[in-house]
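Here the structure comes first, spelled out in structure tokens, and everything after it is commentary.
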Amino acid sequence: MAHRCEHLSSELYHTFNVRAGDTVALVSPNSVDYNSAFHAVLKLGARVTTANPLYSAEELRLQLDLAGAKVIYTISAFEELARKTAALPSPSTGKVESIGVLLADRPLKVGDKPVPIPSSEQGFIKGRGDDTVVVPFSSGTTGLPKGVQLTNRNLITNLYQTDSALESRQSDVSIAVLPYFHIYGMTVVMNGMMLHGAKQIVVPKFDIVSFLELLQKHKATLLFVAPPMIVGFVKHPNTKLTDTSSVRRVLSGAAPLHRDVQKMAEEIFSKGTVCQGYGLSETSPVATVALPGVTGSAGALIADCEMRIIRVGEQEGGGEATEGIDVAEGEEGEIWFRGPNIMKGYLKQEDTDKVMAKGGWFRTGDIGKVDVSNEHLIITDRLKELIKFKGFQVAPAELEGLLQTHPLVLETIVVGIPDPLDRGCELPRAQVALRPTATEDDIKNIEQTLMKFVEQHVAPYKKLRGGVRVVPAVPKSPAGKLLRRIAKAQELEHLKEHPRFPHATYQ
Numbered sequence: 001m002a003h004r005c006e007h008l009s010s011e012l013y014h015t016f017n018v019r020a021g022d023t024v025a026l027v028s029p030n031s032v033d034y035n036s037a038f039h040a041v042l043k044l045g046a047r048v049t050t051a052n053p054l055y056s057a058e059e060l061r062l063q064l065d066l067a068g069a070k071v072i073y074t075i076s077a078f079e080e081l082a083r084k085t086a087a088l089p090s091p092s093t094g095k096v097e098s099i100g101v102l103l104a105d106r107p108l109k110v111g112d113k114p115v116p117i118p119s120s121e122q123g124f125i126k127g128r129g130d131d132t133v134v135v136p137f138s139s140g141t142t143g144l145p146k147g148v149q150l151t152n153r154n155l156i157t158n159l160y161q162t163d164s165a166l167e168s169r170q171s172d173v174s175i176a177v178l179p180y181f182h183i184y185g186m187t188v189v190m191n192g193m194m195l196h197g198a199k200q201i202v203v204p205k206f207d208i209v210s211f212l213e214l215l216q217k218h219k220a221t222l223l224f225v226a227p228p229m230i231v232g233f234v235k236h237p238n239t240k241l242t243d244t245s246s247v248r249r250v251l252s253g254a255a256p257l258h259r260d261v262q263k264m265a266e267e268i269f270s271k272g273t274v275c276q277g278y279g280l281s282e283t284s285p286v287a288t289v290a291l292p293g294v295t296g297s298a299g300a301l302i303a304d305c306e307m308r309i310i311r312v313g314e315q316e317g318g319g320e321a322t323e324g325i326d327v328a329e330g331e332e333g334e335i336w337f338r339g340p341n342i343m344k345g346y347l348k349q350e351d352t353d354k355v356m357a358k359g360g361w362f363r364t365g366d367i368g369k370v371d372v373s374n375e376h377l378i379i380t381d382r383l384k385e386l387i388k389f390k391g392f393q394v395a396p397a398e399l400e401g402l403l404q405t406h407p408l409v410l411e412t413i414v415v416g417i418p419d420p421l422d423r424g425c426e427l428p429r430a431q432v433a434l435r436p437t438a439t440e441d442d443i444k445n446i447e448q449t450l451m452k453f454v455e456q457h458v459a460p461y462k463k464l465r466g467g468v469r470v471v472p473a474v475p476k477s478p479a480g481k482l483l484r485r486i487a488k489a490q491e492l493e494h495l496k497e498h499p500r501f502p503h504a505t506y507q
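According to the UniProt record's numbering, the sequence shown is numbered sequentially starting from 1.
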């Protein structure tokens with residue numbers, strides 16, 4: 001891996017003119033080369049921005065524009081996407097800019113040596129703790145995706161914080177199926193396993209049958225998963241035929257894991273423990289990890305990190321707005337964190353100002369409480385309006401902006417509805433008010449028309465799986481602010497009478 005890293009670093013420097021402070025976009029599924037590319041960029045003192053390879057060219061071009069990326073690293077299977085993206089004009093300037101495309105899956109010849117990089121350009125050697133090195137994109141507490149600036153200090157600190165909670169070892173074996181472009185996969189799996197030189201079985205895509213085969217073949221000891229994967233383990237017949245005795249720890253993250261599902265998973269992995277963790281891109285990402293034996297909890301606070309539970313009403317305005325008022329013991333409130341793992345800020349200062357409170361406290365937008373019996377965090381709700389679909393975050397504002405470009409749509413609001421087939425998962429659903437020019441045929445076919453329209457422009461996880469409903473007007477405040485809570489309540493009530501799925505129950 002070190003040899004490949006040297007080659008990629010050399011090519012980025014000499015062919016693509018990447019220097020300290022520049023940004024390279026990694027647009028690829030998991031591969032052995034991904035790790036090499038990640039560290040090749042950092043070796044130059046440059047920044048990495050990670051992106052989902054299933055993004056549309058338009059989505060990817062927007063991220064590249066916001067991050068200021070000058071090179072796309074990818075594999076041959078996604079070369080067409082990369083080159084199509086590079087040919088698009090910048091969303092901010094309207095001009096086509098020069099963006100390089102580096103294809104990773106080219107074999108090296110035996111004995112090949114990289115062209116040396118001048119020692120004066122070894123940016124990583126001169127790096128500082130507060131240098132931004134990774135810029136993943138998060139939807140933050142509201143709105144469109146934002147570039148999260150994570151520093152050397154953020155990432156290194158969180159590696160050790162997480163390692164302390166998980167007690168990883170060099171002898172550990174993990175199946176690296178969580179996407180490296182996701183902060184969970186990047187920090188906890190890719191770099192976390194490297195911390196001890198532990199083995200990773202790199203898998204580009206999750207398939208439960210092959211996953212179980214790899215688990216047994218390689219005697220995996222640590223499993224880093226998301227709730228939909230655990231649901232798959234619980235329900236799949238092959239699980240009972242798989243020897244899981246090597247597994248000592250299963251960590252579920254990226255979305256809530258229902259207590260009942262966790263208990264069923266504990267029966268499958270009976271020789272180990274199943275627990276949850278919680279965090280955000282802005283916390284690098286891990287903030288809490290549950291202790292063995294604790295179910296239904298998001299976890300206990302990691303080392304060297306502070307947490308407050310803040311009363312929601314008082315923080316919105318008045319003299320206490322920037323400080324917050326703590327709730328009484330055991331009560332619900334917004335979760336705030338402070339510590340060396342908290343991001344440097346978003347790329348845009350105005351976005352940062354909205355989430356950073358006085359004293360360096362980061363406002364998560366999530367609602368929770370602390371179980372006084374074991375000091376574990378329980379997530380109960382969200383202030384933020386993001387829709388969680390199988391561990392991915394879907395920003396309603398992004399889908400609304402897209403829908404409003406359709407010639408039939410006058411106004412729209414997007415909310416998440418519970419997936420009756422997958423607890424803890426939400427499906428994006430749209431209310432739309434149509435233009436007066438819409439015909440009867442337009443109205444009759446509007447759901448299929450708009451669902452197909454969205455599908456053509458976004459990544460698969462952002463599709464309107466929850467459907468579309470025509471309304472006279474979407475709920476808004478007098479000032480024109482979209483009222484999502486009201487819209488969601490309306491849709492849940494409507495679906496009780498007109499279920500979208502057979503035998504579905506909506507609460």
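Quick reminder that beta carbons are idealized off the backbone N, C-alpha and C, glycines included.
Keep in mind the model is a prediction, meaning the values are calculated, not measured.
For residue i, which option in the options has the closest C-alpha, if you only look at C-alpha atoms?
i	options	result
L102	S28, R435, D130 and G147	S28
G272	Q262, S281, G279 and Y278	Q262
I446	R469, V458, R429 and K462	R469
N52	A46, F137, A290 and R83	F137
V286	S210, S31 and Y278	Y278
L410	V394, F392 and P436	P436
residue 512	L195, L66 and D243	Past the edges of the chain, shown from 1 to 507, lies residue 512, and the structure says nothing about it.
residue 509	A487, R484, K462 and R485	Within the shown structure, residues of the chain are numbered from 1 to 507, placing residue 509 beyond reach of any answer.
L155	Q170, S171, M190 and R485	M190
H406	P460, D105, R106 and D442	D442
G127	A220, R382 and A46	A46
H457	M1, G232, E11 and L62	L62
G339	I367, V355, R485 and C305	C305
H196	I342, T74, M1 and S171	S171
W336	F224, G391 and L280	L280
I75	D22, Y34 and T295	Y34
Since residue i and residue j are thought to touch, with beta carbons under 8 Å apart, how far apart are those beta carbons, to the nearest angstrom?
i	j	result
G365	L427	At roughly 20 Å, the Cβ-Cβ gap does not stay under 8 Å, so G365 and L427 are not in contact.
L64	A25	6 Å
I413	E398	That pair is no contact at about 13 Å.
A430	A473	Going by Cβ atoms, the distance from A430 to A473 rounds to 14 Å, so no, they are not a contact pair.
Q161	A303	5 Å
P256	P227	7 Å
L377	V454	Actually they are not in contact, since the Cβ atoms of L377 and V454 sit about 34 Å apart, beyond 8 Å.
A254	V234	Actually they do not touch by this definition, with Cβ atoms about 17 Å apart.
T85	A57	4 Å
V209	N238	6 Å
D130	R153	6 Å
S284	N374	Not quite, the Cβ-Cβ distance comes to about 24 Å (not below 8 Å), so this is no contact.
A487	P475	5 Å
V96	A87	7 Å
Run through DSSP, which three-state label would residue i get?
i	result
F269	coil
M1	coil
G318	Residue confidence is low: G318 scores 36 on pLDDT, short of 50, so the model does not pin down where it sits. Its coordinate-derived value is still stated next. In the structure shown, G318 sits in coil (DSSP, three-state: anything other than H, G, I, E or B).
L8	helix
F392	strand
T157	helix
S174	strand
G467	coil
D112	coil
T141	In this predicted model, T141 has a pLDDT of only 46, less than 50, meaning its place in the structure is not dependable enough to derive any value.
I335	strand
T439	coil
V294	coil
L421	coil
M307	strand
Y278	strand
F211	helix
G127	coil
F16	coil
Q122	coil
D326	strand
R485	helix
K205	coil
Determine, for residue i, whether the minimum Cβ-Cβ distance to residues of chain B falls below 8 Å.
i	result
L66	Chain labels in this structure do not include chain B; a single protein chain is all it has.
For this session: Could you tell me whether the region 174–193 touches the region 201–208, using the rule of 3 or more Cβ pairs below 8 Å?
Result: With the cut-off at 8 Å, the region 174–193 and the region 201–208 touch.
For this session: Could you tell me whether the region 345–353 touches the region 384–402, using the rule of 3 or more Cβ pairs below 8 Å?
Result: Cβ pair count under 8 Å is below three, so no.
Problem set entry | At least three beta-carbon pairs within less than 8 Å, the region 479–497 to the region 406–420 | The region 479–497, when compared against the region 406–420, does touch it at the 8 Å Cβ threshold.
Problem set entry | Start-end ranges of the beta strand (DSSP E) lying completely within the region 18–85, minimum 3 residues | Given a length threshold of 3 residues, each whole run of the beta strand (DSSP E) inside the region 18–85 is given here in chain order: 23–27, 47–51 and 69–74.
Exercise. Would you say the region 304–312 touches the region 119–136, given that touching needs at least three Cβ pairs under 8 Å?
Worked result: In short, these stretches do not touch, since the Cβ pair count stays below three.
Exercise. With a cut-off of 8 Å, do at least 3 Cβ pairs link the region 289–305 to the region 151–171?
Worked result: By the Cβ test, the region 289–305 is in contact with the region 151–171, since at least three Cβ pairs between them sit closer than 8 Å.
For this session: Identify every run of the beta strand (DSSP E) within the region 368–419, keeping only runs that are complete inside it and at least 3 residues long; order them along the chain.
Result: 376–382, 387–389, 392–394 and 409–418, all fully within the region 368–419.
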